[in-house]
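Following: one structure in structure tokens, then a few remarks.
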Amino acid sequence: MAPIRWLPLALLAIATPCSLASPVGVPLETRASDGEAFSPPYYPAPSGGWVSNWAEAYEKAHRIVSNMTLAEKVNLTTGTGIFMGPCAGQTGSVPRFGIPNICLHDSPLGVRNTDHNTAFPAGITVGATFDKELMYERGVGLGEEARGKGVNVLLGPSVGPMGRKPRGGRNWEGFGFDPSLQGIGAAQTIKGMQSTGAIACIKHLVGNEQEMHRMSSVVTQGYSSNIDDRTLHEFYLWPFAEGVRAEVGSVMIAYNDVNKSACSQNSKLINGILKDELGFQGFVVTDWLAHLGGVSSALAGLDMSMPGDGAVPLFGNSYWGYELSRSVLNGTVPVERLNDMVTRILAVWFKMGQDQDYPLPSFSSNTEDAKGLLYPGAVFSPIGVVNQFINVQADHNITARAVARDAITLLKNEDSLLPLSRNDSLKIFGTDAGPDPQGLNSCADKGCNRGVLTMGWGSGTSKLPYLITPQDAIANISSTAEFYLTDSFPSSVEANPEDIAIVFINSDSGENFITVEGNPGDRTTAGLHAWHNGDDLVKAAAEKFSNIVVVIHTVGPIILEEWIDLSPVKAVLIAHLPGQEAGNSLTDVLFGDYSPSGHLPYTIPYQESNYPSSVGLLQQPFGQIQDDYTEGLFIDYRHFLREQIKPRYPFGHGLSYTTFEFSDPSLSIVTSLDTAYPPSRPDKGPIPTYSTAIPPPSEAVWPPNFPRIWRYLYPYLNNADATAAAAVANSSKEYPYPDGYSTIPKPAPRAGGAEGGNPALWDIAFSVEVTVTNTGRRPGRAVAQLYVELPETLGGETPSRQLRQFEKTKILEPGESEVLTLEVTRKDVSIWDVVVQDWKAPVDGEGVKVYVGESVLDERLVCVVGDRCSTV
Numbered sequence: 072m073a074p075i076r077w078l079p080l081a082l083l084a085i086a087t088p089c090s091l092a093s094p095v096g097v098p099l100e101t102r103a104s105d106g107e108a109f110s111p112p113y114y115p116a117p118s119g120g121w122v123s124n125w126a127e128a129y130e131k132a133h134r135i136v137s138n139m140t141l142a143e144k145v146n147l148t149t150g151t152g153i154f155m156g157p158c159a160g161q162t163g164s165v166p167r168f169g170i171p172n173i174c175l176h177d178s179p180l181g182v183r184n185t186d187h188n189t190a191f192p193a194g195i196t197v198g199a200t201f202d203k204e205l206m207y208e209r210g211v212g213l214g215e216e217a218r219g220k221g222v223n224v225l226l227g228p229s230v231g232p233m234g235r236k237p238r239g240g241r242n243w244e245g246f247g248f249d250p251s252l253q254g255i256g257a258a259q260t261i262k263g264m265q266s267t268g269a270i271a272c273i274k275h276l277v278g279n280e281q282e283m284h285r286m287s288s289v290v291t292q293g294y295s296s297n298i299d300d301r302t303l304h305e306f307y308l309w310p311f312a313e314g315v316r317a318e319v320g321s322v323m324i325a326y327n328d329v330n331k332s333a334c335s336q337n338s339k340l341i342n343g344i345l346k347d348e349l350g351f352q353g354f355v356v357t358d359w360l361a362h363l364g365g366v367s368s369a370l371a372g373l374d375m376s377m378p379g380d381g382a383v384p385l386f387g388n389s390y391w392g393y394e395l396s397r398s399v400l401n402g403t404v405p406v407e408r409l410n411d412m413v414t415r416i417l418a419v420w421f422k423m424g425q426d427q428d429y430p431l432p433s434f435s436s437n438t439e440d441a442k443g444l445l446y447p448g449a450v451f452s453p454i455g456v457v458n459q460f461i462n463v464q465a466d467h468n469i470t471a472r473a474v475a476r477d478a479i480t481l482l483k484n485e486d487s488l489l490p491l492s493r494n495d496s497l498k499i500f501g502t503d504a505g506p507d508p509q510g511l512n513s514c515a516d517k518g519c520n521r522g523v524l525t526m527g528w529g530s531g532t533s534k535l536p537y538l539i540t541p542q543d544a545i546a547n548i549s550s551t552a553e554f555y556l557t558d559s560f561p562s563s564v565e566a567n568p569e570d571i572a573i574v575f576i577n578s579d580s581g582e583n584f585i586t587v588e589g590n591p592g593d594r595t596t597a598g599l600h601a602w603h604n605g606d607d608l609v610k611a612a613a614e615k616f617s618n619i620v621v622v623i624h625t626v627g628p629i630i631l632e633e634w635i636d637l638s639p640v641k642a643v644l645i646a647h648l649p650g651q652e653a654g655n656s657l658t659d660v661l662f663g664d665y666s667p668s669g670h671l672p673y674t675i676p677y678q679e680s681n682y683p684s685s686v687g688l689l690q691q692p693f694g695q696i697q698d699d700y701t702e703g704l705f706i707d708y709r710h711f712l713r714e715q716i717k718p719r720y721p722f723g724h725g726l727s728y729t730t731f732e733f734s735d736p737s738l739s740i741v742t743s744l745d746t747a748y749p750p751s752r753p754d755k756g757p758i759p760t761y762s763t764a765i766p767p768p769s770e771a772v773w774p775p776n777f778p779r780i781w782r783y784l785y786p787y788l789n790n791a792d793a794t795a796a797a798a799v800a801n802s803s804k805e806y807p808y809p810d811g812y813s814t815i816p817k818p819a820p821r822a823g824g825a826e827g828g829n830p831a832l833w834d835i836a837f838s839v840e841v842t843v844t845n846t847g848r849r850p851g852r853a854v855a856q857l858y859v860e861l862p863e864t865l866g867g868e869t870p871s872r873q874l875r876q877f878e879k880t881k882i883l884e885p886g887e888s889e890v891l892t893l894e895v896t897r898k899d900v901s902i903w904d905v906v907v908q909d910w911k912a913p914v915d916g917e918g919v920k921v922y923v924g925e926s927v928l929d930e931r932l933v934c935v936v937g938d939r940c941s942t943v
């Protein structure tokens, strides 16, 4: 590399390093000098391209990058600025090689802030289906619509937060409160999305578990999620590893610190774990305005800054852009680091085939008008066509309805009150059954809770192209239904003996940039109770009606105790966040066209105090919040099992209108676990190589007569600044690099070797077969959930049961059977050894128990590796 030189550069202080290596239950490692936890430095950033599956894409990228100028390279790493284009963010372009501005845009459930799109059910709803095929199909729909609108990178799926904080604002964007459920949901979604040529972006790495105080700025510092090494690997990183293994094109870094080092410049997290250990071949991008430093983030492995702005947006300043050009010219950022950034970005672009007639953006997220400002943030901007109103919905409403329907989770059904008859006398209560009285999409980014709750709020939303409300769908079926769309029970309502009341309630949350009814993203006001006095509405109905069905739309766990045991409350459905087909999906189940087949992707407790105190929301007026993950691996059902706390409804719970028998279980050894640790990792393949010479200053100088847009972020320097930077590169001044910075590559991590880690981790250790038979009188679908119990001989405290696999039957007619096969990998039965820094499994699977049932507490089948299976 070029000599290390010095130049003052726009750069925030490099965050204090902290530890990522200590076992569960043991305090974080500390530095001897001050006793504070720290994240060990990991330099230099590993180059991409060494995985064979990516060789062709990297070769194409190498040919282009080898011939690009400094300014062209920098232009692809830096966003053009907030509101400086049609998308949430876009990079600069390289017209000379036919590379357009790369459009990055929300959201995980649909293309945000546009038209003629599908508003799919949210991630938490998808998780509740426990259906891999629907997860994939929804991913295909998301990818097709992103492509159709010209979105290069659709910002999803979300697997962080992981549900550590039950009141966390964005839990609903992910698939559930379990790493395997999140990982399978993410992998299926990514495969579906990227099959269309759209690039998926898995997010947010890592520890963004509450919304309040997440962001650093010029006046405050975001909270630090202090996570020990084993917990990080076995819980929070698990779904990211699955996403990387699915060849995800991009990873978004979280706002917060991890172990007191900002995620956007945490070298251990990006260089060490993501790029080296997990073998990630794509590019790493910031969350919006999460970029905190220039040189620090480049060296730590960041590849793209979004939306490109510096500490204060719309000032025309950037930590990269022209500053990155300057830092390469003066030698502070090695040329090989910039080359790797650009090569990673272009390799993803080529791998997804986006060089082959991929559409340009045909929409504007800034206006609904056909014509408008091309660069709204500039104020003084050219005007042109910004919206072409292209319809990308196709038949995706079918998938949206199927996901919402198959996610509906029946918690309770006494006296078989459900399904309803089409001629039942119905009275419906609650604003959640109807439309927003102020109109469809009347509040930006769903920043309100009016009418049926279809999704939470924030950047994880999309506009509804239409909405079938429960009122609409019920009225289409029942001619006797009466609707009282109020959250205060009407005193004038009379209940006849034959009447059935359907009471709709909800609980909402979202992203912190919007406060809704006093909730700053996280659920602070009503806590885990229903909004709009929903508990009182149910109780008031129970005073008059003898038969009540409660329908709940919710972002996550909700406390039911004020009314769940009241004798009139016969049936309870959780319909999660259903998107545009809210009503049709619900009536499909209410009236028995389909049996409910959803299962809870989280635990419902009796009371909030059932959770460990460490998972509560944190607020602190001054100084950085230290959020210590002292509960370790014991999140959600793992905690309830350890503390022997009975939940109101366990993780995985879900009833049907029929019944199922699990029989004839068998366990087959597929790959012998003859060693505790996996076989040695494969060697890395060759990587692209480039000249390491610092380019001439002329490559970063403004082109003559260039038509500049005010506030737009460019890679160019004036001639004097470029010349001065080059002069510094030849001086004797040294740049103050972070402690531990090195240009000598570290030995390849033994746990790595391919995308996701050592490929042997995904060897099938054993498979379990089970016959599922519909023993009831109605058609229905069952979910076989497989949980593992690991032996104590592995060392460390391990949850007594962990979900590792699931499969869902087809619709089984009464008396019909289906054989399901559930495969368990080496990694599924391993723990992270913090000393050896590798995954450790019990030799020959000795002591491993497998439970198969329809919830975490359903011990329908038990298998012991090396012994026979039994039914309970």
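Everything in the sequence shown is counted per this note's numbering, starting at 72 for the first residue and increasing by one.
All C-beta atoms in this analysis are idealised placements derived from N, C-alpha and C, irrespective of residue type, glycine included.
- Message: Could you pull the DSSP bridge partners for E894 from this structure?
- Response: If you number the sequence shown from 1, residue 894 lands on position 823. According to DSSP, which records beta bridges pairwise, E894 is partnered with S838.
- E588 versus P228 - alpha carbon distance: To locate residue 588, count along the sequence shown from 1; it is residue 517. To locate residue 228, count along the sequence shown from 1; it is residue 157. Distance between the alpha carbons of E588 and P228: 27 Å.
- When the Cα atoms are used, what is the spatial distance from I135 to I416? Residue mapping note: residue 135 aligns to position 64 of the sequence shown, counting from 1. Residue mapping note: residue 416 aligns to position 345 of the sequence shown, counting from 1. Those two C-alpha atoms are separated by around 12 Å.
- Task: Can you give me the start and stop residues for the alpha helix (DSSP H) that G221 sits inside?
- Result: Taking the sequence shown and counting its residues from 1, one reaches residue 221 at position 150. Segment: none, G221 is in no alpha helix (DSSP H) and carries neither H nor E.
- Quick one, are the C-beta atoms of R209 and G268 less than 8 Å apart? In the sequence shown, the residue the question calls residue 209 occupies position 138. In the sequence shown, the residue the question calls residue 268 occupies position 197. Contact flag unset, no.
- Message: With a threshold of 8 Å, are at least 3 pairs of Cβ atoms found where one atom belongs to the segment 346 to 355 and the other to the segment 382 to 395?
- Response: no
- Query: What first and last residue would you give for the beta strand (DSSP E) that runs through I815?
  - Reply: As a working note, residue 815 is residue 744 in the sequence shown. Run containing I815: none; DSSP gives neither H nor E here.
- Query: Taking just the CA atoms, how far does G937 sit from V906?
  - Reply: In the sequence shown, counting from the first residue as 1, residue 906 sits at position 835. In the sequence shown, counting from the first residue as 1, residue 937 sits at position 866. Each residue's Cα considered, the two are about 29 Å apart.
- Query: So, helix, strand or coil for W243, using DSSP?
  - Reply: By one-based count along the sequence shown, residue 243 stands at place 172. Helix.
- Query: In three-state terms, what does DSSP make of L874?
  - Reply: Residue numbering aside, residue 874 sits at position 803 when the sequence shown is read from its first letter. L874: strand per DSSP, three-state reduction.
- Query: Between T302 and G703, is the Cβ-Cβ spacing less than 8 Å?
  - Reply: Translated into positions along the sequence shown, residue 302 becomes position 231. Translated into positions along the sequence shown, residue 703 becomes position 632. Contact flag set, yes.
- Query: What did DSSP end up calling D347 once you bin it into helix, strand or coil?
  - Reply: Here the question's residue 347 lines up with position 276 in the sequence shown. Three-state result, D347: helix.
- Message: Alpha carbons only, please: which of V419, A836, P676 and G293 is nearest the one belonging to F693?
- Response: Against the sequence shown, residue 693 aligns to sequence position 622. Residue G293 is the option with its Cα nearest to F693.
- Item | Coil, strand or helix - N681 by DSSP | Residue mapping note: residue 681 aligns to position 610 of the sequence shown, counting from 1. If DSSP states are grouped into helix, strand and coil, N681 belongs with the helices.
- beta-carbon P628 near the ligand GTP non-hydrogen atom, thresh 7 Å: Ligands displayed in this structure: none; no statement on the ligand GTP is therefore possible.
- Query: Can you list, in chain order, the residues of its chain whose CB lies under 6 Å from that of I945, leaving out five sequence neighbours each side?
  - Reply: The first residue shown for the chain is 72 and the last is 943, placing residue 945 beyond what the model contains.
- Could you check the C-alpha separation between P378 and L409 for me, to the nearest Å? Translated into positions along the sequence shown, residue 378 becomes position 307. Translated into positions along the sequence shown, residue 409 becomes position 338. Cα-Cα distance, rounded: 18 Å.
- From the DSSP output, read off the bridge partner residues of D909. Residue mapping note: residue 909 aligns to position 838 of the sequence shown, counting from 1. D909 is bridged to D904.
- Rounded distance between the beta-carbons of G605 and M526, thought under 8 Å: By one-based count along the sequence shown, residue 526 stands at place 455. By one-based count along the sequence shown, residue 605 stands at place 534. With 8 Å as the limit, M526 and G605 do not qualify as a contact, their Cβ atoms being about 18 Å apart.
- Query: Quick one, are the C-beta atoms of R238 and L599 less than 8 Å apart?
  - Reply: Counting from one through the sequence shown, the residue named residue 238 turns up at place 167. Counting from one through the sequence shown, the residue named residue 599 turns up at place 528. Yes, they are a contact pair.
- Message: Given this structure, state the Cα-to-Cα distance separating A478 from W528, to the nearest angstrom.
- Response: Counted from its first residue, the sequence shown places residue 478 at position 407. Counted from its first residue, the sequence shown places residue 528 at position 457. Going by the C-alpha atoms only, they are around 20 Å apart.
- Buried or exposed: V943, going by 16 or more other Cβ atoms within 10 Å of its Cβ? On the sequence shown, residue 943 is found 872 positions in, with the first residue counted as 1. V943 is exposed by the Cβ-count criterion.
- Message: Using only the alpha-carbon positions, how far apart do D664 and V197 sit?
- Response: By one-based count along the sequence shown, residue 664 stands at place 593. By one-based count along the sequence shown, residue 197 stands at place 126. About 20 Å.
- Beta-carbon separation of A653 and P541 under 8 Å? Taking the first residue of the sequence shown as position 1, residue 653 is located at position 582. Taking the first residue of the sequence shown as position 1, residue 541 is located at position 470. Going by C-beta atoms, A653 is nearer than 8 Å to P541.
- Can you say whether L99 is buried or exposed, counting buried as having 16 or more other CB atoms within 10 angstroms of its CB? Sequence index remark: in the sequence shown, residue 99 carries index 28 (1-based). Because L99 sits at a pLDDT of 41, beneath the cut-off of 50, its placement in the model cannot be relied upon, and the following sentence gives the value as read from the coordinates. It is buried - the Cβ of L99 has at least 16 other Cβ atoms within 10 Å.
- May I ask you to verify whether the segment 163 to 173 touches the segment 499 to 513, counting CB pairs closer than 8 Å and requiring at least 3? no
- Query: Just the Cα atoms here: how many angstroms apart are R76 and V772?
  - Reply: Your numbering for residue 76 matches position 5 in the sequence shown. Your numbering for residue 772 matches position 701 in the sequence shown. The predicted model places R76 with a pLDDT of 26, which falls under 50 and marks its position as unreliable, so this point remains unresolved.
- Item | Inter-stretch contact at 8 Å, needing at least 3 Cβ pairs: the segment 391 to 400 / the segment 786 to 799 | yes
- Query: Is the CB-CB distance between V919 and L857 below 8 Å?
  - Reply: For this step, residue 919 is matched to residue 848 along the sequence shown. For this step, residue 857 is matched to residue 786 along the sequence shown. Not closer than 8 Å, so no.
- Task: Check the C-beta distance from V854 over to S668 and give it rounded, since I have them as a contact under 8 Å.
- Result: What you label residue 854 is simply residue 783 of the sequence shown in a count that begins at 1. What you label residue 668 is simply residue 597 of the sequence shown in a count that begins at 1. Indeed, because the Cβ distance is near 7 Å, the residues count as touching under 8 Å.
- Note the first and the last residue of the continuous alpha helix (DSSP H) segment covering Y555. By 1-based counting over the sequence shown, the position of residue 555 is 484. Note, Y555: premise wrong, no alpha helix (DSSP H); beta strand (DSSP E) at E553 to Y555.
- Query: Helix, strand or coil: which one does DSSP assign to A128?
  - Reply: Locating residue 128 in the sequence shown gives position 57, counting from the first residue. It is helical.
- Query: P453: buried (16+ other C-beta within 10 angstroms of its C-beta) or exposed?
  - Reply: Here residue 453 corresponds to residue number 382 of the sequence shown, with the count starting at 1. P453 comes out exposed.
- Under three-state DSSP, which class holds Q651? To locate residue 651, count along the sequence shown from 1; it is residue 580. The answer is helix: DSSP assigns Q651 an H, G or I state.
- Query: Who are the Cβ neighbours of M323 in its own chain at under 6 Å, not counting the five residues just before and after it?
  - Reply: Your numbering for residue 323 matches position 252 in the sequence shown. Within the same chain, M323 has close Cβ partners C272, K274, H275, V356 and D358.
- Query: Taking buried to mean at least 16 other C-beta atoms within 10 Å of its own C-beta, is E305 buried or exposed?
  - Reply: In the sequence shown, residue 305 corresponds to position 234, counting from 1. Buried: at least 16 other Cβ atoms inside 10 Å.
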